[in-house]
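Heads up: the sequence shown is residues -22 to -1, 1 to 265, going by mature numbering (1 follows the signal peptide of the UniProt record, and there is no 0).
Where is the CB? At the ideal position from N, CA and C, for every residue including glycine.
What follows is one structure encoded as C-alpha cells, with my remarks underneath.
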Amino acid sequence: MFFKFIKLAFAVVIFFSASLSAKESTEFEIRNTHTLKIKSEVSGLEYELYIRLPNDYSENNKKYPLVLLNDTGYSVAVASGIVHLMAGRDIEDVIIVGISYSKGHNPLLSRTRDYTPTYAPNEKRGHSLEVQKYSGKASQYISFISDEVFPLINQTYRIRQDKKIFVGHSYGGLLGANILITNSELFDYYILGSPSFWYDNKVMFRLESDFAKNNKAMKASVFMYIGSEEGSMVEEMLAFENQLKSRDYQGLSIQSKVLSGLTHHSAFAVLLTDGLQKAVPRQSKGS
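Below you can see the structure in the form of C-alpha cells.
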C-alpha cells in the first residue's frame, strides 16, 4: 500500500511539474503588436518586422508618426512600454516598427554586418574579430530599409510621411549617423544614442568630411545622447556634433545631451523618452 501511495504521489508531482513547465513556456505578447516576415530581394536575408499599432488604430483613419528601431532584442519592448505610458499624454501616439536581426544568424554578426559603414576586419573594439569579417554592409542595409521595408510599411499602414523617426543605440547610433550623411531625408528625426563613433578609426568623421565637399544641405532634426560614464565616447559624440554644426548645413537641426550618471547600458530608456518628447510632443487641442 505504501509503495502504491509513493507511485501515486510521484505521478502527481510529475503531472503538476509538466503543467507548470507548460505554463512557464508560454510566450508573453506585447499588446497591439504583430509580426511581418520580409526577405530582402538584394541580400537574400530574412528578417522579421515587429509592428506595434496605437490602441485606437482600427477605430479611425488617422495617419501616425513612424518610429523605426533596430536591436530589437531589447528596443521594441522598451519602446512599447514608454509609448504605452506617454502616448496621448506627453507624446503623439506612434506606430513602432522594429527590424529584427537577420534570421538564422548570430545577433552580434547580424548587427556588425548591417550597422557598420566600412569593412574593418581588425577592429578590436567590436564584438569579436570573427564577426568583424562580415562588417561593412550598412549601405546594403540602408537600401533594404529604403527600398523594401518602407514600401511594405507604407502600403500596409497609415504612416505620416513628415514624421518618420529613426532610433539607434550604440552600433545603431552609428548606423543612424550613416543614414544621416548618405540619405538624410529617409527620416525626418534621428534619435541617436551612445553612437559608436570610435568605429574603424573614427571613420564616420571622414565620411562626413567627404560628404561636405559636395553638399550644402542635410535636412533632418537630430537628437544625440550619451551617458556621462561612457568614457571617450562622450568626447567623440560632442566632436561629431561640432563637426556637423561647423558645416552650417541647410535644413539641419542638431542638439546633444550628456545624461548624468548613466552608462552605455542604462542610457537607452532615458534617451528614448527624451527624444520622443522632442520629436513628437503631444499637440495641445488648441494648436
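Bridge partner(s) assigned by DSSP for residue i
{"i": "His105", "result": "His105 is not bridged to any residue."}
{"i": "Tyr28", "result": "Thr13 and Gly76"}
{"i": "Pro99", "result": "According to DSSP, Pro99 bridges with nothing at all."}
{"i": "Gln228", "result": "Ala195"}
{"i": "Pro259", "result": "Ile69"}
{"i": "Tyr167", "result": "Ile143 and Ser199"}
{"i": "Lys235", "result": "Tyr203"}
{"i": "Tyr42", "result": "Ile137"}
{"i": "Leu47", "result": "Gly76 and Val145"}
Burial state of residue i, where buried means 16 or more other Cβ atoms lie within 10 Å
{"i": "Lys(-16)", "result": "Its pLDDT being 45, under 50, Lys(-16) is placed unreliably in this model, and the value from its coordinates should be taken loosely. Label assigned to Lys(-16): exposed."}
{"i": "residue 270", "result": "Residue 270 cannot be examined here, being either before or after the span of the chain that is shown, -22 to 265."}
{"i": "Tyr52", "result": "exposed"}
{"i": "Asn156", "result": "buried"}
{"i": "Glu37", "result": "exposed"}
{"i": "Gly22", "result": "exposed"}
{"i": "Glu70", "result": "buried"}
Anticipated Cβ contact below 8 Å, residue i with residue j, distance rounded
{"i": "Gly76", "j": "Tyr28", "result": "4 Å"}
{"i": "Tyr42", "j": "Ile137", "result": "7 Å"}
{"i": "Leu47", "j": "Ile73", "result": "11 Å between Cβ atoms; not a contact."}
{"i": "Gly151", "j": "Ser117", "result": "In fact, because the Cβ distance is near 17 Å, the residues do not count as touching under 8 Å."}
{"i": "Ile131", "j": "Ala257", "result": "That pair is no contact at about 18 Å."}
Inter-residue spacing [alpha-carbon to alpha-carbon] between residue i and residue j
{"i": "Val56", "j": "Ser187", "result": "34 Å"}
{"i": "Ile232", "j": "Phe201", "result": "6 Å"}
{"i": "Phe(-7)", "j": "Glu7", "result": "Because Phe(-7) sits at a pLDDT of 38, beneath the cut-off of 50, its placement in the model cannot be relied upon, and the point is left open."}
{"i": "Lys81", "j": "Asp49", "result": "13 Å"}
{"i": "Val236", "j": "Ile204", "result": "5 Å"}
{"i": "Val20", "j": "Gly239", "result": "43 Å"}
{"i": "Tyr230", "j": "Tyr25", "result": "A small correction: the amino acid at residue 230 is Leu; Tyr does not occupy that position in the sequence shown. Using only the alpha carbons, I get a separation of about 32 Å."}
{"i": "Tyr135", "j": "Leu31", "result": "9 Å"}
{"i": "Val61", "j": "Pro259", "result": "12 Å"}
{"i": "Gln110", "j": "Arg9", "result": "36 Å"}
{"i": "Thr90", "j": "Ser172", "result": "16 Å"}
{"i": "Tyr79", "j": "Glu101", "result": "21 Å"}
{"i": "Gly177", "j": "Leu107", "result": "It should be pointed out that residue 177 corresponds to Tyr in this sequence rather than to Gly. C-alpha separation (whole angstroms): 13 Å."}
{"i": "Thr241", "j": "Ser148", "result": "12 Å"}
{"i": "Tyr167", "j": "Glu5", "result": "33 Å"}
{"i": "Pro33", "j": "Gly154", "result": "Here the sequence assigns Asn to residue 33, which means Pro is not the residue at that position. Approximately 28 Å between the Cα atoms of the pair."}
{"i": "Leu87", "j": "Arg103", "result": "14 Å"}
{"i": "Ser162", "j": "Lys15", "result": "26 Å"}
{"i": "Asn84", "j": "Val54", "result": "19 Å"}
{"i": "Ala(-12)", "j": "Thr11", "result": "Here the model assigns Ala(-12) a pLDDT of 44, short of 50, so the residue's position is not dependable, and the following value carries that caveat. Looking at the two C-alpha atoms, the distance is approximately 39 Å."}
{"i": "Asp252", "j": "Leu164", "result": "22 Å"}
{"i": "Glu126", "j": "Glu219", "result": "30 Å"}
{"i": "Thr13", "j": "Lys40", "result": "22 Å"}
{"i": "Gln221", "j": "Gln133", "result": "38 Å"}
{"i": "Gln261", "j": "Gln255", "result": "11 Å"}
{"i": "residue 292", "j": "Ser18", "result": "Coverage of the chain is limited to positions -22 through 265, which leaves residue 292 absent and any answer about it impossible."}
{"i": "Leu185", "j": "Tyr93", "result": "15 Å"}
{"i": "His105", "j": "His243", "result": "15 Å"}
{"i": "Phe189", "j": "Ser234", "result": "21 Å"}
{"i": "Phe128", "j": "Val145", "result": "15 Å"}
{"i": "Tyr112", "j": "Tyr35", "result": "40 Å"}
Any C-beta of chain C under 8 Å from that of residue i
{"i": "Glu126", "result": "Judged by its chain identifiers, the structure shown contains no chain C, having just a single protein chain."}
Contact the stretch 173 to 192 vs the stretch 131 to 142: 3+ CB pairs below 8 Å
No: the two stretches stay apart, fewer than three of their Cβ pairs being nearer than 8 Å.
Contact between the stretch 93 to 110 and the stretch 64 to 72 (3+ Cβ pairs under 8 Å)
The stretch 93 to 110 is not in contact with the stretch 64 to 72.
With a cut-off of 8 Å, do at least 3 Cβ pairs link the stretch 220 to 233 to the stretch 190 to 200?
Result yes; three or more Cβ-Cβ pairs closer than 8 Å.
Contact between the stretch 210 to 218 and the stretch 244 to 254 (3+ Cβ pairs under 8 Å)
They do not touch, by the three-pair rule.
Take every Cβ of the stretch 201 to 208, pair it with every Cβ of the stretch 120 to 129, and state whether three or more of those distances are shorter than 8 Å.
No, the stretch 201 to 208 does not touch the stretch 120 to 129.
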